[in-house]
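The structure appears below as C-alpha cells.
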C-alpha cells in the first residue's frame, strides 16, 4: 500500500500511528493514514482488517493517583 521511502509502518506494527496522512477530516474527527488505519480524534483506531483499537488518551491530571 505505502509507496514512501522509507516505507511507513504497517497497520499491525506498534508505531502504526506515525504513518503519513492520506486524508484528514478534522471537521468529522478522523484521518486516514497511508497504512490504511483510520485514526479518530479521540485516539481510537480502526485497522484495515476491521480490528478496533480503543481510545488511549493519557489520563488527565484529575485521574492520576498519587501514593500516600
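Residue numbers (my numbering): 1 to 68.
Each residue gets a CB set at the ideal place from its N, CA and C atoms; glycine is no exception.
Which residues bound the beta strand (DSSP E) around residue i?
i	result
residue 23	21-25
residue 31	30-33
residue 47	First-last for residue 47: undefined, no H or E at that position.
Would residue i and residue j qualify as a contact pair, given that the criterion is a beta-carbon distance under 8 Å?
i	j	result
residue 41	residue 29	yes
Between the options, which lies nearest to residue i when the distance is taken from Cα to Cα?
i	options	result
residue 8	37, 27, 26, 25	37
residue 11	57, 58, 53	53
residue 13	44, 35, 21, 55	35
Taking the beta carbon of residue i as the centre, do at least 16 other beta carbons fall within 10 Å, making it buried, or is it exposed?
i	result
residue 57	exposed
residue 45	buried
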